[in-house]
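Colleague:
2 protein chains.
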Amino acid sequence: MNITISDLSKMTGLAKSTISGVLNNKEGFSEKTRQKVLQTAAQYGYVPNEIARGLTSRFTKTIGLLIKDITNPFYNHITKGVQEVAAEHGYTVFLCSSGEDHKMEVEQIQAMVGKRVDGLIIAPLLEEVSFDHIYALKRKKLPFVLLGNIPGLDCDTVEFDDYSGGKQVTEHLLQKGHTRIGFVNGLNTSKAGKLRFAAFQDTLFAHSITTDPKYIFKEAKSLSDGYAIGNQLIAMEDRPTALVCFDDVIAMGVIKAFDNAGLKVPDNLSVTGFDDIELAIFPLTTVSIPTLEAGKALAQTLIDRIMQERVSKSKHIVFEQKLIPRASVKQL
Amino acid sequence: MNITISDLSKMTGLAKSTISGVLNNKEGFSEKTRQKVLQTAAQYGYVPNEIARGLTSRFTKTIGLLIKDITNPFYNHITKGVQEVAAEHGYTVFLCSSGEDHKMEVEQIQAMVGKRVDGLIIAPLLEEVSFDHIYALKRKKLPFVLLGNIPGLDCDTVEFDDYSGGKQVTEHLLQKGHTRIGFVNGLNTSKAGKLRFAAFQDTLFAHSITTDPKYIFKEAKSLSDGYAIGNQLIAMEDRPTALVCFDDVIAMGVIKAFDNAGLKVPDNLSVTGFDDIELAIFPLTTVSIPTLEAGKALAQTLIDRIMQERVSKSKHIVFEQKLIPRASVKQL
DNA sequence: TTGTAAGCGTTATCAG
DNA sequence: CTGATAACGCTTACAA
Chain A
1 MNITISDLSK
11 MTGLAKSTIS
21 GVLNNKEGFS
31 EKTRQKVLQT
41 AAQYGYVPNE
51 IARGLTSRFT
61 KTIGLLIKDI
71 TNPFYNHITK
81 GVQEVAAEHG
91 YTVFLCSSGE
101 DHKMEVEQIQ
111 AMVGKRVDGL
121 IIAPLLEEVS
131 FDHIYALKRK
141 KLPFVLLGNI
151 PGLDCDTVEF
161 DDYSGGKQVT
171 EHLLQKGHTR
181 IGFVNGLNTS
191 KAGKLRFAAF
201 QDTLFAHSIT
211 TDPKYIFKEA
221 KSLSDGYAIG
231 NQLIAMEDRP
241 TALVCFDDVI
251 AMGVIKAFDN
261 AGLKVPDNLS
271 VTGFDDIELA
281 IFPLTTVSIP
291 TLEAGKALAQ
301 TLIDRIMQER
311 VSKSKHIVFE
321 QKLIPRASVK
331 QL
Chain B
1 MNITISDLSK
11 MTGLAKSTIS
21 GVLNNKEGFS
31 EKTRQKVLQT
41 AAQYGYVPNE
51 IARGLTSRFT
61 KTIGLLIKDI
71 TNPFYNHITK
81 GVQEVAAEHG
91 YTVFLCSSGE
101 DHKMEVEQIQ
111 AMVGKRVDGL
121 IIAPLLEEVS
131 FDHIYALKRK
141 KLPFVLLGNI
151 PGLDCDTVEF
161 DDYSGGKQVT
171 EHLLQKGHTR
181 IGFVNGLNTS
191 KAGKLRFAAF
201 QDTLFAHSIT
211 TDPKYIFKEA
221 KSLSDGYAIG
231 NQLIAMEDRP
241 TALVCFDDVI
251 AMGVIKAFDN
261 AGLKVPDNLS
271 VTGFDDIELA
281 IFPLTTVSIP
291 TLEAGKALAQ
301 TLIDRIMQER
311 VSKSKHIVFE
321 QKLIPRASVK
331 QL
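Here the protein sequences come in this chain order: A and B.
Okay, so the first sequence: first residue is 1 according to full-length UniProt numbering, each after it adds one.
Okay, so the second sequence: first residue is 1 according to full-length UniProt numbering, each after it adds one.
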């Protein structure tokens with residue numbers, strides 16, 4: 001069905017190794033043979049079987065990418081970055097989503113290992129979860145780079161400074177005169193959420209401000225979660241004056257709820273997010289995160305590691321987060 | 001580095017074929033051997049080399065997905081759908097983006113064919129472009145399904161009824177009393193755009209309404225394109241009263257421009273989009289498109305075709321588009 | 001400059 | 001019930 005190198009060998013009367021050599025641009029073939037091979041290959045639409053090639057060469061020119069949800073702007077920008085540099089270097093990428101489910105994460109990684117990817121980029125669940133599968137990778141000496149880090153695990157990482165981001169928004173809110181501030185956190189399995197929240201609490205504590213526990217929400221992960229929380233807030237008589245959301249998507253959900261109820265942001269509630277997603281046309285004060293660049297860095301780091309045959313020591317890249325003040329926070 | 005079946009063979013003292021048989025749940029092995037194999041395999045963390053497996057079995061359990069831009073909600077929802085169904089059936093998916101570039105499209109498909117995917121899902125450029133690479137697939141008898149259709153090419157397809165969508169919005173606008181209506185089209189390579197625009201023109205024509213050519217824009221593909229067009233519109237003294245945009249992302253760009261200029265939608269301009277993306281918290285009148293479902297249908301159709309060994313005749317699935325009236329259109 | 005042969009990790013076939 | 005052996009399509013010594 002698919003033409004092979006031995007087919008070409010028979011057709012041209014040349015040996016398989018000759019065909020292979022020419023096709024791989026090796027030196028030392030007469031122009032005549034070279035032409036003959038190239039021509040008949042083109043004529044019959046020969047496409048080398050990379051999979052057979054991978055068997056001998058130990059390289060599949062494939063990398064795996066495991067993210068949480070392709071539908072989330074944060075992850076699809078990372079994906080785009082990975083994609084771009086992978087393609088530049090001739091790699092194809094397997095895309096897998098864990099959907100924030102640990103079992104799925106383990107399975108998908110396993111599947112990609114089985115398919116003998118040359119390396120893996122993983123955005124793992126980082127809290128309240130076992131890392132056995134990641135350690136297994138390390139033991140196998142399969143190159144991989146993590147988005148985020150696992151304490152005590154020495155490997156390449158790309159990270160964002162979430163603590164700083166959390167601190168920046170909180171201080172901004174404080175400066176604007178807010179003292180009754182709520183926080184909507186993401187999933188418990190997210191380390192970014194843990195760090196942002198820690199920064200939030202620490203910063204408030206440093207200013208001797210305490211938060212009412214009823215202003216703290218958890219486990220939000222979608223626009224509809226944000227929407228539901230927005231409605232809870234609307235129903236409270238002593239609402240906070242400001243709300244820090246784990247990401248822009250959630251923030252948009254909250255804003256939508258207020259909008260639907262005829263309330264205004266920031267007049268009735270100041271709202272902030274994280275990610276600075278382009279689609280949020282609402283002038284949302286947020287913390288920008290260089291996701292596209294991080295994706296590129298992720299892929300570049302992995303490819304470097306694959307080439308170097310894992311000699312050099314681990315690389316750790318940290319991207320800064322930066323507050324983007326816009327109009328969703330009111331000066332009190 | 002990676003443990004193989006022959007390693008297991010040596011360790012257990014059993015033959016390779018025995019190991020292979022047990023691992024693949026074949027009948028006819030004593031419970032004793034079975035246990036022995038399974039146990040040592042687990043002990044040493046054996047992961048079958050799918051790539052070697054693929055060499056003999058002719059199946060790689062991998063499918064390829066080629067889209068235009070993962071960052072666009074339309075495509076990432078399709079991707080999510082494909083992903084889900086693929087994972088359910090034990091397939092891993094290669095994700096490639098053409099970035100709306102024909103050369104890239106050809107190359108990426110070529111790469112995936114080289115990696116011997118079992119089948120391909122392609123969202124190809126459909127206008128002003130050659131289809132040689134698609135015909136080559138057909139000749140190779142490699143299963144594939146298209147998002148959209150190519151006239152004269154008999155293959156599985158999943159489509160949206162873009163003409164109907166275009167007609168629905170246009171009629172809606174007419175009903176609301178608009179007669180000076182503009183249109184922002186997507187790229188020339190998009191058939192969806194061609195169809196939506198044709199419906200737009202036909203519908204206006206049927207109502208004996210003509211559009212001013214200066215109200216027609218082309219080649220928009222991003223929020224910033226929409227933004228720029230919004231600004232052009234703002235600068236016009238005789239603006240249209242309504243604007244049909246190729247998709248929600250572009251529409252959001254237009255709205256953003258108006259917002260920034262202190263103008264209001266729909267008071268100063270009625271705007272509509274396509275896709276009904278969740279993130280558009282602005283109450284945008286749009287045409288909803290079941291992208292997630294389409295993604296699932298795409299994957300299911302492909303997998304069916306792979307199993308059936310391409311006997312049955314081509315399947316064509318058409319998803320309807322549906323107008324979702326919201327508040328971005330003003331009653332005149 | 002070209003050809004032969006072995007090997008990559010599996011599965012399949014066919015004896016034992 | 002188990003074990004050799006060939007085959008999948010390619011690369012790579014090594015030989016001619």
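All C-beta atoms, glycine included, are put in the ideal place defined by N, C-alpha and C.
Is the stretch 53–69 of chain B touching the stretch 80–98 of chain B, taking contact as three or more C-beta pairs under 8 Å?
Modeller: Contact between the stretch 53–69 of chain B and the stretch 80–98 of chain B is present, because at least three Cβ pairs lie under 8 Å.
Colleague: Can you tell me whether F258(A) is buried or exposed, with buried defined as 16 or more other CB within 10 angstroms of its CB?
Modeller: Classification for F258(A): buried.
Colleague: In chain order, what are the residue ranges of uninterrupted alpha helix (DSSP H) at least 4 long that sit wholly in the stretch 103–191 of chain A?
Modeller: Within the stretch 103–191 of chain A, the complete alpha helix (DSSP H) runs of at least 4 residues are 132–140, 162–175.
Colleague: Any beta carbon of chain A sitting closer than 7 Å to that of P143(B)?
Modeller: No, its Cβ sits nowhere closer than 7 Å to a Cβ of chain A.
Colleague: Could you name the residues of chain B that P48(A) contacts, counting a contact when the two beta carbons are closer than 7 Å?
Modeller: Ordered by position in chain B, the residues that pass the 7 Å Cβ test against P48(A) are G114.
Colleague: Quick one: residues in its chain with C-beta nearer than 6 Å to the C-beta of R239(B), no 5 flanking neighbours on either side, listed in chain order?
Modeller: Within the same chain, R239(B) has close Cβ partners L233.
Colleague: Write down the C-beta distance between S314(A) and D154(A) rounded to the nearest angstrom, noting that I regard them as a contact closer than 8 Å.
Modeller: Right, their Cβ atoms sit about 5 Å apart.
Colleague: Per the contact definition of three or more C-beta pairs closer than 8 Å, is the stretch 280–289 of chain B in contact with the stretch 324–331 of chain B?
Modeller: Taking 8 Å as the limit for Cβ pairs, the verdict is that the stretch 280–289 of chain B does touch the stretch 324–331 of chain B.
Colleague: Apply the 10 Å Cβ neighbour rule to D162(B) and answer buried if 16 or more other Cβ atoms are within range, or exposed otherwise.
Modeller: Its Cβ being crowded by 16 or more others within 10 Å, D162(B) is buried.
Colleague: Under 6 Å Cβ to Cβ from I317(A), same chain only, skipping five residues before and after it: list those, please.
Modeller: Within the same chain, I317(A) has close Cβ partners V158, A297.
Colleague: Mind listing the chain A neighbours of V329(B)? Cutoff is C-beta to C-beta under 9 Å, in chain order.
Modeller: Under the 9 Å cutoff, chain A gives no residues; its nearest Cβ is about 17 Å from V329(B).
Colleague: What are the residues that DSSP puts in a beta bridge with I234(A)?
Modeller: DSSP lists no partner for I234(A).
Colleague: When the cut-off is 7 Å and only beta carbons count, does A257(A) lie next to chain B?
Modeller: It does not: the Cβ of A257(A) has no partner Cβ on chain B nearer than 7 Å.
Colleague: What residues in its chain sit with their C-beta under 7 Å from that of Q108(B), if we drop five residues either side in the sequence?
Modeller: Cβ within range, chain order: L66, C96, S98.
Colleague: Since L279(A) meets chain B, which of its residues come closer than 8 Å, beta carbon to beta carbon?
Modeller: The answer, in chain order, is P73, L223, V249, M252, I277, L279, A280.
Colleague: Would you call S270(B) buried or exposed, if buried means 16 or more other Cβ atoms sit within 10 Å of its Cβ?
Modeller: Answer is buried; the Cβ neighbour count reaches 16.
Colleague: List the residues of chain B that H77(A) touches, going by C-beta distances under 9 Å, in chain order.
Modeller: Neighbours of H77(A) on chain B, chain order: I70, T71.
Colleague: Report the three-state DSSP secondary structure of V287(A) (helix, strand or coil).
Modeller: Reduced to three states, the DSSP call for V287(A) is strand.
Colleague: Can you tell me whether Q9(B) is helix, strand or coil according to DSSP?
Modeller: Here residue 9(B) is Ser; the residue named in the question, Gln, does not match the sequence. Three-state DSSP puts S9(B) in a helix.
Colleague: Residues of chain A with CB closer than 7 Å to the CB of L55(B), please, in chain order.
Modeller: Correct list: I51, A52, L55.
Colleague: Under a three-way DSSP split, which group does F319(A) fall into?
Modeller: DSSP places F319(A) in strand when its eight states are reduced to three.
Colleague: Just the chain B side, please: which residues come within less than 9 Å of V93(A) by C-beta, in chain order?
Modeller: Going along chain B in sequence order, the residues near V93(A) (Cβ under 9 Å) are F94, L95, C96.
Colleague: In chain B, which residues lie with their C-beta within 9 Å of the C-beta of T60(A)?
Modeller: In chain order: I51, K115.
Colleague: If you measure from the beta carbon of K80(B) to each beta carbon in chain A, is any gap under 7 Å?
Modeller: Yes, because at least one Cβ of chain A sits closer than 7 Å to the Cβ of K80(B).
Colleague: Answer with buried or exposed for H207(B), where buried requires no fewer than 16 other C-beta atoms within 10 angstroms of its C-beta.
Modeller: Per the 10 Å Cβ criterion, exposed.
Colleague: For the beta strand (DSSP E) containing T241(A), name the first residue and the last one.
Modeller: Unbroken run through T241(A): none, as it is neither H nor E.
Colleague: On the CB-based measure, 16 or more other CB atoms within 10 Å of its CB, does K16(A) come out buried or exposed?
Modeller: Under this definition K16(A) is an exposed residue.
Colleague: Quick one: is F74(B) buried, meaning 16 or more other Cβ sit within 10 Å of its Cβ, or exposed?
Modeller: Looking at its Cβ environment, which holds 16 or more other Cβ atoms inside 10 Å, F74(B) is buried.
Colleague: Measuring straight from C-alpha to C-alpha, what distance separates D248(B) and V265(B)?
Modeller: Using only the alpha carbons, I get a separation of about 14 Å.
Colleague: May I have the straight-line CA-CA distance separating A198(B) from I70(B), to the nearest angstrom?
Modeller: Between A198(B) and I70(B), the C-alpha separation is close to 27 Å.
Colleague: Using the C-alpha atoms, what's the distance from A192(B) back to E100(B)?
Modeller: In a straight line, the C-alpha of E100(B) is about 14 Å away from that of A192(B).
Colleague: If you drop the 5 nearest sequence neighbours on each side, which residues of the same chain put their C-beta closer than 7 Å to that of K214(B)?
Modeller: Excluding sequence neighbours, K214(B) sits near nothing in its chain.
Colleague: By the DSSP assignment, the beta strand (DSSP E) with D275(B) in it spans what residues?
Modeller: It spans 270–275 - the beta strand (DSSP E) in which D275(B) sits, taken as one unbroken run.
Colleague: Mind checking the stretch 169–197 of chain B against chain A and listing, in chain order, the residues whose C-beta falls within less than 8 Å of any C-beta there?
Modeller: Correct list: empty, as no residue qualifies.
Colleague: For the ligand ATP, any of its heavy atoms closer than 6 Å to the Cβ of K221(A)?
Modeller: With respect to the ligand ATP, the structure shown offers nothing to examine, as it has no ligands at all.
Colleague: Does any CB atom of chain A fall closer than 7 Å to the CB of Q83(B)?
Modeller: Yes, contact with chain A.
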